[in-house]
Amino acid sequence: MGTSRAEKTPSDSIATVKASLTYRPLLAAAAKSGLRGETVKSLRDKVQASVDQDANVISIVGTDDTARGAAAIANVVATTFLARERRDQQQETKRRRALLTEELASLQASLTPLNQAEIGSQIATVKGELTDLALNANSGPALELGERAETPSSP
Numbered sequence: 002m003g004t005s006r007a008e009k010t011p012s013d014s015i016a017t018v019k020a021s022l023t024y025r026p027l028l029a030a031a032a033k034s035g036l037r038g039e040t041v042k043s044l045r046d047k048v049q050a051s052v053d054q055d056a057n058v059i060s061i062v063g064t065d066d067t068a069r070g071a072a073a074i075a076n077v078v079a080t081t082f083l084a085r086e087r088r089d090q091q092q093e094t095k096r097r098r099a100l101l102t103e104e105l106a107s108l109q110a111s112l113t114p115l116n117q118a119e120i121g122s123q124i125a126t127v128k129g130e131l132t133d134l135a136l137n138a139n140s141g142p143a144l145e146l147g148e149r150a151e152t153p154s155s156p
């Protein structure tokens, strides 16, 4: 049995992450990412995920006829999941930045001497949200691979 561990931040939903680890599109991507001979159907029987909410850790367990195969399954599913999470996080950041930039431009266009205090305050808020977004985007991924599954040296 191979086990990979992904460390999780408290702000994310562990239950959602656990469910997505056995979701068909993720398993299909994992099967295409180097698990020769594996299919979604075979991986559904070979991949299990468990959570330790107190430690914010998700364990991904792969089973196979060989220890090397089990470790490979756990590692490929974990890395496929993390790559998809990073991509989704980047897309969400890009979408949010575009919305905030558009809102900022709209507010700046509507600025007049009569509404300067109110609109100026809203502009400052949006600029602050853009700064926070940039800081969060540069802080790294919300999820990390804590430990790769290793093939045991003895049974």
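Count along the sequence shown starting at 1, add 1, and that's the number in my numbering.
Even glycine gets a Cβ: it sits at the ideal position worked out from N, Cα and C.
What you are looking at is a predicted structure, and each value in this text was computed from that prediction instead of being measured.
- request: Say whether the stretch 53-63 touches the stretch 73-84, bearing in mind that this needs 3 or more beta-carbon pairs closer than 8 angstroms, one atom from each stretch.
  value: These segments touch.
(message) Let's test the definition: count the other Cβ atoms within 10 Å of the Cβ of residue 47 and tell me whether it reaches 16, buried, or not, exposed.
(response) Taking all protein chains shown into account, residue 47 has 16 or more neighbouring C-beta atoms within 10 Å of its C-beta and is therefore buried.
Which term fits residue 93, buried or exposed, when burial requires 16 or more other beta carbons within 10 angstroms of its beta carbon? The residue in question, residue 93, is exposed, as its Cβ has fewer than 16 Cβ neighbours within 10 Å.
Three-state secondary structure (DSSP) at residue 148?
Residue 148: strand per DSSP, three-state reduction.
| message | Please confirm whether residue 131 has its beta-carbon closer than 7 angstroms to some beta-carbon of chain C. | response | Among the chains in the structure shown there is no chain C, since it carries only a single protein chain.
- Message: Alpha carbons only, please: which of 43, 117, 131 is nearest the one belonging to residue 71?
- Response: Relative to the Cα of residue 71, the nearest Cα in the group 43, 117, 131 belongs to 43.
So, at 8 angstroms on beta carbons, what are the nonlocal neighbours of residue 111 in its own chain, with the 5 sequence-adjacent residues on each side left out? Around residue 111: 120.
| message | DSSP three-state label for residue 123, please. | response | Per DSSP, reduced to three states, the secondary structure at residue 123 is helical.
Under the three-state reduction of DSSP, which class applies to residue 43: helix, strand or coil?
-> Under the three-state reduction of DSSP, residue 43 is assigned to helix.
Original post:
In chain order, which continuous runs of the alpha helix (DSSP H) of length 4 or greater are located wholly inside the stretch 19-106?
Top reply: Here the runs fully enclosed are 25-33, 41-47.
- Task: Give every residue of the same chain whose Cβ lies closer than 7 angstroms to the Cβ of residue 49, excluding the five residues on either side of it in the sequence, and list them in chain order.
- Result: Hits under 7 angstroms: 62.
Practice prompt. Report the three-state DSSP secondary structure of residue 117 (helix, strand or coil).
Written response: The three-state secondary structure of residue 117, taken from DSSP, is helix.
* Enumerate in chain order the residues of its own chain whose CB-to-CB distance from residue 208 is below 8 angstroms, with the five nearest sequence positions on each side excluded. => Residue numbering for the chain in the displayed model covers 2 to 156; residue 208 lies beyond these limits and cannot be assessed.
Pop quiz: residue 18 and residue 29 are said to be a contact at Cβ under 8 angstroms. What is the actual Cβ separation, rounded to whole angstroms? 18 angstroms between Cβ atoms; not a contact.
Alpha-carbon to alpha-carbon, residue 87 and residue 117
Taking C-alpha positions only, residue 117 is separated from residue 87 by approximately 39 angstroms.
Review point. To which residues of the same chain is residue 23 closer than 7 angstroms at the C-beta, ignoring the five residues directly before and after it?
Key: Leaving aside the five residues that flank residue 23 on each side, the residues in its chain whose CB is nearer than 7 angstroms to its CB run, in chain order, 45, 48, 50.
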